[in-house]
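Following our numbering, the numbering of the sequence shown begins with 60 at its first residue and continues without gaps.
Idealized CB from N, CA, C, for every residue including glycine.
In this text the structure is predicted, and so the values were computed from the model without any measurement.
Following: one structure in structure tokens, then a few remarks.
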Amino acid sequence: MEPGEPFYITTAIDYVNGHPHLGHAYEKVTADVIARHRRLVGMDVRFVTGTDEHGIKVQRSAQAQGVDEQTYVDGLAAEFLAAWEKLDLSHDDFIRTTEARHREVVQRLWERIHAGGDLYEASYEGWYCSGCEAFKTDKELVALDGAAEARACPIHKRDCEWISETNLFFRLSAYEQALKDHFAAHPGFLQPTSRRNEVLAMLDSGLSDISMSRESVTWGVPITFRPGSTVYVWLDALINYVSALGLEGPLFDRYWPAALHVIGKDITRFHCIFWPAMLMSAGLPLPKVVFAHGWILSGGEKLSKSLGNVVDPLDLVDQLGPDPLRWYITSEVRYGGDGEFTAARFEETYNAHLANDIGNLFSRVLNMAARYRGQVPPARPGKEPAIEAAIGAALAEYAEAMEHFALHDACAAIRRLTATLNEQVQAREPFRMAKDESRAEELDGVLHALLAGVRTAAILLQPVMPGSAAKMLAALGAGREPVQIPADAAAAIGGLEIGTALKKPEPLFPRLG
Ligand code: MSP
């Protein structure tokens with residue numbers, strides 16, 4: 060995490076066969092938290108998200124609506140983009156797989172792989188899940204209630220289709236050893252480490268070659284060296300990570316290989332086996348880290364279009380702005396594990412963390428300082444050891460957690476700081492000091508330390524709740540630019556300028572219910 064170091068971070072690109080839902084939002088927001096954090100420590104961040112618009116699933120959704128594919132995907136891509144704007148994502152680019160810039164890179168990359176001798180023709184038949192856009196092995200299939208045979212996808216709970224075609228195959232098996240070596244040499248390639256075993260087991264059980272062309276799917280990138288065929292949607296979509304930079308040129312030179320691909324745990328096989336093998340075959344360097352987050356569940360089921368339990372994140376965002384939802388999904392789910400979303404838990408967390416704890420502390424401290432002093436009073440270094448220690452601990456714990464993508468621990472570090480500050484208000488009773496002229500210096504010191512504490516909390520909140528943190532920092536005299544994270548408690552305390560005029564703050568998080 061060196062200042063100036065390039066940090067290219069991507070998310071999975073969403074299928075546009077339905078509206079954006081909380082599962083998609085979860086991934087995009089958490090990636091945004093990481094991107095914003097890396098910018099605040101001075102890294103040169105490029106953050107890209109986008110939409111996956113080809114394939115049989117999208118083609119059929121368009122047909123079901125009775126519109127042509129391009130009109131259909133244009134409408135949904137606009138919806139995804141609008142959702143991410145509402146959620147305050149700070150992406151630098153939004154890549155769509157139907158864009159010409161993407162199509163060209165897909166074609167050139169596959170031409171390279173072809174020229175290298177890694178493609179051959181063969182026929183294939185098997186069970187295909189259009190929800191996953193992937194073939195399923197017999198072992199993976201399950202029997203639906205009442206069905207005699209196991210033919211259904213366990214994720215989408217729908218029968219698979221039997222597909223039989225002559226296709227071009229990519230020699231995935233040729234990369235088995237190279238992938239094993241890569242995993243051995245780079246223990247941090249797939250995080251959290253609990254996910255590594257799944258992929259290592261896939262490698263150990265042996266890799267089969269994969270079909271990369273489709274004759275039956277017209278809605279895809281045409282293969283230049285095989286007229287009448289399109290690229291299998293996954294082997295088109297993965298290339299977005301490169302096409303968003305261009306296959307050559309300044310962006311590619313600066314940002315490739317990616318520092319971090321953020322994806323869901325259901326698609327590790329594609330990102331940790333297919334994608335690195337394609338890159339090896341094309342002679343390109345591999346991404347440094349793939350982080351697989353868990354699922355947001357609702358009543359124990361993964362949210363998805365096909366299951367029909369879609370929670371529209373925008374309903375909450377329309378009502379409360381993006382920050383409460385951003386806080387909930389970042390702080391309440393251990394990053395890497397699964398999390399449950401219920402309206403009741405959301406409301407409980409909002410009231411406990413945001414209204415009562417952070418919001419209340421902030422308005423109490425600012426109101427006291429504004430009322431008793433009107434401006435930031437002078438510090439008394441070393442005289443407020445409890446607050447100074449809490450600031451130092453929060454900065455250290457937060458930095459450590461963020462470095463290892465433990466976003467929930469970073470939020471917990473902020474909450475420990477605000478809890479200590481709340482306790483200190485109770486214990487030190489600045490409101491009593493204010494009534495006693497002889498304690499003026501002591502009051503200056505405690506108010507200064509509390510202000511430095513809430514300012515530190517606001518700085519650390521910026522990646523998670525950018526809008527609210529900016530309001531908090533503005534009330535403390537900051538400009539419009541994000542405030543960089545101070546290195547230690549002394550820098551945090553020194554960052555508060557004595558004499559800055561303070562105003563009564565507007566309430567940040569009015570209680571719900
Ligand atoms: N189009 C592919 C990804 C191609 S990346 C080159 C895809 N699309 S998706 O729309 O099904 O999912 C997009 C991302 O959202 C995936 O990383 C997936 O894991 C994530 N999520 C979808 N539903 C989710 C939850 N309910 N919870 C958390 N994340 C989930 O896969």
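**Prompt:** Got a sec, what are the start and stop residues for the alpha helix (DSSP H) Y394 sits in?
**Reply:** Residue 394 sits at position 335 when you count from the first residue of the sequence shown. Taken as a continuous stretch (DSSP letters only), Y394 belongs to no alpha helix (DSSP H), as it is neither H nor E.
**Request:** May I have the straight-line CA-CA distance separating G353 from R254, to the nearest angstrom?
**Result:** Position 294 of the sequence shown, counted from the first residue, corresponds to residue 353. Position 195 of the sequence shown, counted from the first residue, corresponds to residue 254. Looking at the two C-alpha atoms, the distance is approximately 10 Å.
**Asked** Are L509 and V376 touching if we call contact CB-CB under 7 Å?
**Response** Here residue 509 refers to the residue found at position 450 when the sequence shown is read from its first residue. Here residue 376 refers to the residue found at position 317 when the sequence shown is read from its first residue. Cβ atoms of L509 and V376: not closer than 7 Å.
**Asked** When the distance is taken between beta carbons, is V321 closer than 7 Å to A90?
**Response** Position 31 of the sequence shown, counted from the first residue, corresponds to residue 90. Position 262 of the sequence shown, counted from the first residue, corresponds to residue 321. Contact: yes.
**Message:** Classify D111: buried if its beta carbon has 16 or more other beta carbons within 10 angstroms, exposed otherwise.
**Reply:** Within the sequence shown, numbered from 1, the residue matching residue 111 stands at position 52. With 16 or more Cβ atoms within 10 Å of its Cβ, D111 is classed as buried.
**Message:** Could you compute how far the alpha carbon of P383 sits from the alpha carbon of E144?
**Reply:** The sequence position of residue 383 within the sequence shown is 324, counting from 1. The sequence position of residue 144 within the sequence shown is 85, counting from 1. When rounded, the distance between both Cα atoms is 15 Å.
**Prompt:** When you compare each of A458, A471, T479 to D547 by their alpha carbons, which one comes out closest?
**Reply:** Residue mapping note: residue 547 aligns to position 488 of the sequence shown, counting from 1. Ranking the options by Cα distance to D547, first place goes to A458.
**Request:** Could you say which of V523, T389, G134, S390 lies nearest to R95 if we only look at CA atoms?
**Result:** Numbered from 1 along the sequence shown, position 36 holds the residue referred to as residue 95. Taking only the C-alpha atoms, the option nearest R95 is V523.
**Prompt:** In three-state terms, what does DSSP make of I115?
**Reply:** Position 56 of the sequence shown, counting from 1, holds the residue named residue 115. Residue state, collapsed to three classes: helix.
**Asked** Is DSSP giving E488 helix, strand or coil here?
**Response** Counted from its first residue, the sequence shown places residue 488 at position 429. E488 falls in the coil class under three-state DSSP.
**Cβ-Cβ distance between A511 and L454 below 7 Å** = Start at 1 with the first residue of the sequence shown, and residue 511 comes out as number 452. Start at 1 with the first residue of the sequence shown, and residue 454 comes out as number 395. Going by C-beta atoms, A511 is not nearer than 7 Å to L454.
**Request:** Identify whether N226 lies in helix, strand or coil by the three-state DSSP scheme.
**Result:** For this step, residue 226 is matched to residue 167 along the sequence shown. Strand, per DSSP.
**Request:** Consult DSSP for T559 and reduce its assignment to one of helix, strand or coil.
**Result:** For the purposes of this step, residue 559 is identified with residue 500 of the sequence shown, where counting begins at 1. If DSSP states are grouped into helix, strand and coil, T559 belongs with coil.
**Asked** Helix or strand or just coil, what does DSSP make of F311?
**Response** Numbered from its first residue, the sequence shown carries residue 311 at position 252. F311 falls in the helix class under three-state DSSP.
**Message:** Could you check whether S357 and R160 sit closer than 7 Å to each other, using their CB atoms as the reference points?
**Reply:** Within the sequence shown, the letter at position 101 stands for residue 160. Within the sequence shown, the letter at position 298 stands for residue 357. No, they are not a contact pair.
**Asked** Q250 to Y431, Cα distance in whole Å?
**Response** For the purposes of this step, residue 250 is taken as residue 191 along the sequence shown, with counting starting at 1. For the purposes of this step, residue 431 is taken as residue 372 along the sequence shown, with counting starting at 1. Approximately 50 Å between the Cα atoms of the pair.
**Message:** Quick check: is any heavy atom of the ligand MSP less than 6 Å from the C-beta of W354?
**Reply:** On the sequence shown, position 295 is the one that residue 354 refers to. Yes, Cβ of W354 sits closer than 6 Å to a heavy atom of the ligand MSP.
**Prompt:** How should K116 be labelled, buried or exposed, when 16 other C-beta atoms within 10 angstroms of its C-beta is the threshold for buried?
**Reply:** Here residue 116 corresponds to residue number 57 of the sequence shown, with the count starting at 1. Classification for K116: buried.
**Message:** If the criterion is Cβ atoms closer than 7 Å, does the pair L146 and P381 meet it?
**Reply:** Numbered from its first residue, the sequence shown carries residue 146 at position 87. Numbered from its first residue, the sequence shown carries residue 381 at position 322. A contact, by the Cβ cut-off of 7 Å.
**Span of the beta strand (DSSP E), counted from its first residue to its last, around Y291** = Reading the sequence shown from its first residue, position 232 is the one you call residue 291. From DSSP, Y291 is part of no beta strand (DSSP E); its letter is neither H nor E.
**Prompt:** With a CB to CB cut of under 6 Å and the five nearest residues on each side skipped, what residues in its chain are close to R230?
**Reply:** Start at 1 with the first residue of the sequence shown, and residue 230 comes out as number 171. Excluding residues within five positions, the ones whose Cβ falls inside 6 Å are D177, D268.
**Prompt:** Per DSSP, what kind of secondary structure is W354 in: helix, strand or coil?
**Reply:** Counting from one through the sequence shown, the residue named residue 354 turns up at place 295. Coil at W354, not helix or strand.
**Prompt:** Is C188 helix, strand or coil by DSSP?
**Reply:** On the sequence shown, position 129 is the one that residue 188 refers to. In the structure shown, C188 sits in a strand (DSSP, three-state: E or B).
**Request:** Determine the closest residue to A351 out of H80, K198, A465, with distance taken between C-alpha atoms.
**Result:** Here residue 351 refers to the residue found at position 292 when the sequence shown is read from its first residue. When only C-alpha atoms are compared, the closest one is A465.
**Message:** Closest to A448 by C-alpha separation, out of E199, Q434, T479, F106, would be which residue?
**Reply:** Residue numbering aside, residue 448 sits at position 389 when the sequence shown is read from its first letter. Measuring from the Cα of A448, the nearest candidate turns out to be T479.
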